[in-house]
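The opening residue of the sequence shown carries number 18 in the numbering used here; numbering runs sequentially from there.
Only one structure is covered here, and it is reproduced in the block below.
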Amino acid sequence: MERITLTVDAANLEIMRVDQILEDVNTITGNVSKATESLDNITSLPLDALSNVTSRLRSRIAPLGAKAEDSRVGAVVQVVDQKLDSVETCVSGAQARADVKRAEAAEAVAAREEAQAQTNEMSSNLKDAFSVQISRDSESAQN
18 MERITLTVDA ANLEIMRVDQ ILEDVNTITG NVSKATESLD NITSLPLDAL
68 SNVTSRLRSR IAPLGAKAED SRVGAVVQVV DQKLDSVETC VSGAQARADV
118 KRAEAAEAVA AREEAQAQTN EMSSNLKDAF SVQISRDSES AQN
């Protein structure tokens, strides 16, 4: 009976260690997810700022092009407008790639969370099965 008690205590200790490891993994996963989200926000800020500047420049030069009596001013406005189109295309492409990366990161987080939930469920099932088996062994040892 004493050996069974020692075995049960040792098994409970190991189960507690596994639970602590799972909690640590959950914490680490959450921290990594937050860090990734922060990095995404930091990297998108310059793109958003550039897009904003481009829009403002375009709104400032649009009236100049419409009023331009001098063909040189009109040509300059047209060149600047074309360059702004090019910048906007590059920014849009970079923002689209960043959006894809964010979506992939969100999918990875969801997959990790699902795996963690399955691991937690398996751990709980193992604890329950172990407790049932220990109870049976304990009852049979007493008889």
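Idealized CB from N, CA, C, for every residue including glycine.
All values derive from a computational prediction rather than experimental measurement.
If I'm right that residue i touches residue j with Cβ under 8 Å, what's the distance once you round it to whole angstroms?
{"i": "Ile32", "j": "Lys144", "result": "5 Å"}
{"i": "Ser50", "j": "Ala115", "result": "Ser50 to Ala115, Cβ: 17 Å. No contact."}
{"i": "Thr136", "j": "Leu39", "result": "6 Å"}
{"i": "Val42", "j": "Ser140", "result": "Not quite, the Cβ-Cβ distance comes to about 11 Å (not below 8 Å), so this is no contact."}
Can you tell which of the options has the C-alpha that lies nearest to the C-alpha of residue i?
{"i": "Ser55", "options": "Ser148, Ala122, Leu81", "result": "Ala122"}
{"i": "Ser76", "options": "Val97, Ile59, Glu19, Ala92", "result": "Val97"}
{"i": "Leu81", "options": "Ala92, Thr71, Ser72", "result": "Ala92"}
{"i": "Ala120", "options": "Asp57, Gln99, Lys100", "result": "Asp57"}
{"i": "Val149", "options": "Asn29, Thr53, Ile78", "result": "Asn29"}
{"i": "Ala125", "options": "Thr71, Thr53, Gln95, Leu101", "result": "Thr53"}
Practice task
Evaluate contact between the segment 105-114 and the segment 64-81, counting only Cβ atoms and requiring at least three cross-stretch pairs below 8 Å.
Solution key: Result yes; three or more Cβ-Cβ pairs closer than 8 Å.
Practice task
Tell me, please, whether the segment 85-100 touches the segment 110-128 by the rule of three or more beta-carbon pairs shorter than 8 Å.
Solution key: In short, these stretches do not touch, since the Cβ pair count stays below three.
Exercise for the section: Indicate whether the contact test is met: 3 or more Cβ pairs, each with one atom in the segment 35-46 and one in the segment 128-136, closer than 8 Å. Expected result: The segment 35-46, when compared against the segment 128-136, does touch it at the 8 Å Cβ threshold.
Handout entry: the segment 20-37 / the segment 150-159 touching (three or more Cβ pairs under 8 Å)
Key = They touch, by the three-pair rule.
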